[in-house]
Amino acid sequence: MSDRDERLAELLEQLANDSRDGRLPDLEAVVHENSDLELELRELWATMILAEDFASFSGIIEGLDDAGEATSARAESAPQSDAPLPDPFDDYEPAVEIGRGGMGVVYRAKQSSLDRQVALKMILRGALASPEDVARFRAEAEAAARLNHPNIVQVFEVGEHLGQPYFSMQHVEGTTLSRKIAEGPLPSHEAARLLIPVCRGVAEAHRNGVLHRDLKPSNILIDEDGRPFVTDFGLAKRIPPTGQLRDDGAAADVETLTNSGAIIGTPSYMAPEQAAGQRGQIGEASDVYSLGAILYAMLTGRPPFQAASPVDTILMVLEQEPVPPRVLNPGADSDLEMIAMKCLQKPTDLRYQDAASLADDLEAWLNHEPISARSSQFTDVLSRAFRETHHASVLENWGILWMLHSAVVLVLCLLTNVLQWRDAAAGTSSRWPYMSIWCVGLGIWAIIFYNLRRRAGPVTFVERQIVHVWAGSMIVSTLLYFVEWQMGLAVLQLSPVIGLVSGMVFLVKASLLNGRFYIQAAALFLTGGLMAVIPQTNLPDFSISLYGVVAGLSFFLPGLKYYRQRAAR
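Offset between the sequence shown (1-based) and this note's numbering: plus 1.
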């Protein structure tokens, strides 16, 4: 094991011990002191948190049902446990358990003084609950109690019994949206009508400075009249009310009710920034993503991402795009599909600005009016084409490597051109020096590159894709000499193909990593054309050196940018 790996293991063990001992792991402090390990620490700690949470069924992510959702308090749930009911206390007489999750248990109870049925939520572990459990439970009650909206389950009273907190809330007789979805996809009009009031309720929560962070079908109750209610604010986060920003224009993180660096939410419905444990980036757009995932589930009968395990689902959320709803359900409306897919964009600024805007688009669809998801100006389309994708962060692992690769390519091209000019002056030509330079040079560099990248941390799925395309281009560059030999062509006669192949590689990188790579692709395509023209002129044949300069800059400039970006973190 390398020194780097040993440091990483020791730091993760330190964080894990803090968590097991009941202390709040300070991931940010550890990252600050070990900035060179930031990416690995964040990724591996997030995975450890997720694994421990699911193993213990008592962490941030609550227990999963068959649909990949956390079990929440819901009106129609059957009793979840043989545990005895609490004795009547204060003004409440618990009657039957109707739901439980990782933190709380919910009873249908009678409130004697008002002679009404309520839902009574109590902390699951009772007197054995940790201070963190109690704080989070109180935070849920306070977050829900500050909200007053006809589509949010109303909290009636927050109290304490025998030193343990509880709160009573509106009891909703009916079902949950997850039960309806389990029966199959919903008709498009019903899906839109159900989701609009949910969006309005979430927008009201945002206006009052509360993010839900665990929106999913099982947290949408539907009463007997078909009216939806948002419930379960157990993962809520306090933010400034809508419109209040920090000095730098971003929404301030007023109060986080869960552990720093933890993955919170339900994997199939959580936004990518939640799945990555990026606390500072979680905002209203994260709830918008979850609302889009709910719409997707209503249209298709399944969430956007689901896999054999929660960890695999998390990886899908981070790295893959959802299958368009109409592929799974051809009967789904195309405009609703576009609305859902806009919500599910991985870059937050490509989603709806807020939940109210999503509700407005759904209402426009119901009223047969144009939806904003389809109306994009040319400048907006152009801007999106040249932006970074959610995978661009992996380039921080490649910054120094790309700068080194640019030097290798330039040196190989200059040596090749020198050999070409020498042979032209001597009136001789041999392929083997060229083949030796490129085969041996690129082969040695490929081995060095692979080992340097592997030492920098885990290789992601998208990196493997890029490496395969890139390796293919290097193989083509060397095999061109063999093709020329077999076709009886002069050495370097097919060299313009190298420029075209390299342009194709950057075209792929532009689609997967950063739209600005379209510029490099265009430059390399143009270079390939010039390489074919230059030998036809009276100028010295410097075409392969031209390619070396253009290809070198294409790698060096982004490499320098991402190297500096990582160094600044």
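Idealized CB from N, CA, C, for every residue including glycine.
- Message: DSSP three-state label for P166, please.
- Response: In this structure, P166 counts as strand in the three-state DSSP scheme.
- From the DSSP output, in three-state form, read off A491 for me. Correct three-state label for A491: coil.
- the segment 208-216 contacting the segment 171-180, beta-carbon criterion three pairs below 8 angstroms: In this structure the segment 208-216 does not lie against the segment 171-180, because fewer than three pairs of beta carbons, one per stretch, are closer than 8 angstroms.
- Would you identify the three-state DSSP class for V173, choosing helix, strand or coil? The answer is coil: DSSP assigns V173 none of H, G, I, E or B.
- Item | Three-state class that DSSP yields for A110 in the structure shown | Three-state result, A110: strand.
- Item | Residues bridged to I153 [DSSP beta-bridge criterion] | Paired residues: V231.
- Query: How big is the Cα-Cα spacing for D254 and R180?
  - Reply: Model confidence at D254 stands at a pLDDT of 44, short of 50, so the residue's coordinates are unreliable and nothing is read from them.
- Message: Cutting at 6 angstroms between CB atoms, please list the residues of its own chain near F556, excluding the five before and the five after it.
- Response: Taken in chain order, the residues that qualify are W403, H406 and S407.
- Query: In the structure shown, what three-state DSSP assignment does G332 receive?
  - Reply: Annotated three-state conformation of G332 is coil, per DSSP.
- With I535 as the anchor, note down where its alpha helix (DSSP H) starts and where it stops. Going by DSSP, I535 is part of no alpha helix (DSSP H) at all; its letter is neither H nor E.
- Could you give the DSSP three-state label for E98: helix, strand or coil? Residue state, collapsed to three classes: strand.
- Query: Just the Cα atoms here: how many angstroms apart are V534 and T461?
  - Reply: Per the coordinates, the alpha-carbon of V534 lies some 40 angstroms from the alpha-carbon of T461.
- Query: Three-state secondary structure (DSSP) at Y353?
  - Reply: Y353: coil per DSSP, three-state reduction.
- Task: Go ahead and label V488 buried or exposed: buried means 16 or more other beta carbons lie within 10 angstroms of its beta carbon, across all protein chains shown.
- Result: One detail in the question is off: residue 488 reads as Met in this sequence, not Val. The residue in question, M488, is exposed, as its Cβ has fewer than 16 Cβ neighbours within 10 Å.
- Endpoints, beta strand (DSSP E) assigned at A120: The continuous beta strand (DSSP E) containing A120 extends over residues R117 to I124.
- By Cβ distance, which residues of its chain are closer than 7 angstroms to E392, with the 5 residues on each side in sequence left out? The residue you asked about is not Glu; residue 392 is His in the sequence shown. So the list reads V463, L513 and L514, once near-sequence residues are dropped.
- Could you give the DSSP three-state label for V159: helix, strand or coil? It is a strand residue.
- Just the Cα atoms here: how many angstroms apart are A552 and M505? A straight line joining the alpha-carbon of A552 with that of M505 spans about 12 angstroms.
- Query: Would DSSP call F306 helix, strand or coil?
  - Reply: Of the three classes helix, strand and coil, the one that applies to F306 here is coil, per DSSP.
- Task: Assign I445 to one of two classes, buried (16 or more other C-beta atoms within 10 Å of its C-beta) or exposed (fewer than that).
- Result: A residue is called buried once 16 or more other Cβ atoms fall within 10 Å of its Cβ, and I445, having fewer, is exposed.
- Pick helix, strand or coil for E133, following the three-state DSSP scheme. The three-state secondary structure of E133, taken from DSSP, is helix.
- Tell me, please, which residues DSSP counts as bridged to F90. Y93, per the DSSP bridge assignment.
- Message: Tell me the rounded alpha-carbon separation between E98 and Q282.
- Response: Note on geometry: alpha-carbon atoms of E98 and Q282 lie some 37 angstroms from one another.
- Item | Run of the alpha helix (DSSP H) containing I499, from where it starts to where it stops | Per DSSP, I499 belongs to the alpha helix (DSSP H) from P497 to L513.
- Task: May I ask you to report which of helix, strand or coil DSSP gives G202?
- Result: Three-state DSSP puts G202 in a helix.
- Item | I448 to A10 span [Cα, whole Å] | Between I448 and A10, the C-alpha separation is close to 26 angstroms.
- Cβ contact check for the segment 302-309 and the segment 221-239: 3 or more pairs under 8 angstroms: Using a C-beta cut-off of 8 angstroms, the segment 302-309 makes no contact with the segment 221-239, since fewer than three inter-stretch Cβ pairs fall below that distance.
- Does at least one heavy atom of the ligand ADP sit under 7 angstroms from the Cβ of Q487? Looking for the ligand ADP in the displayed structure turns up nothing, as the structure carries no ligands at all.
- Message: Which residue marks the beginning of the beta strand (DSSP E) containing L222, and which one marks its end?
- Response: L222: member of the beta strand (DSSP E) spanning I221 to D224, first to last residue.
- Message: Our contact map puts D355 next to E285 with C-beta atoms below 8 angstroms; I'd like the distance itself, whole angstroms only.
- Response: That pair is a contact at about 5 angstroms.
- Examine the Cβ distances between the segment 532-550 and the segment 493-500 and report whether three or more of them are shorter than 8 angstroms. Look at the beta carbons and you see the segment 532-550 touching the segment 493-500: at least three pairs across the two are nearer than 8 angstroms.
- Taking A193 as the reference, give the member of H469, Y564, A136 and H369 with the closest Cα. That would be H369, whose Cα lies nearest to the Cα of A193.
- Query: According to the Cβ coordinates, are A145 and F230 closer than 8 angstroms?
  - Reply: In this structure, A145 sits away from F230, with a CB-CB distance that is not shorter than 8 angstroms.
- Under 8 angstroms Cβ to Cβ from R201, same chain only, skipping five residues before and after it: list those, please. Excluding residues within five positions, the ones whose Cβ falls inside 8 angstroms are H150, N152, A356, A357 and A360.
- Task: Only counting runs of 4 or more residues, tell me where the alpha helix (DSSP H) segments fall wholly within the segment 519-569, in order along the chain.
- Result: Qualifying alpha helix (DSSP H) stretches, in chain order: 544-568.
- Query: So is Q537 buried or exposed if we call it buried at 16+ other beta carbons inside 10 Å?
  - Reply: It counts as exposed.
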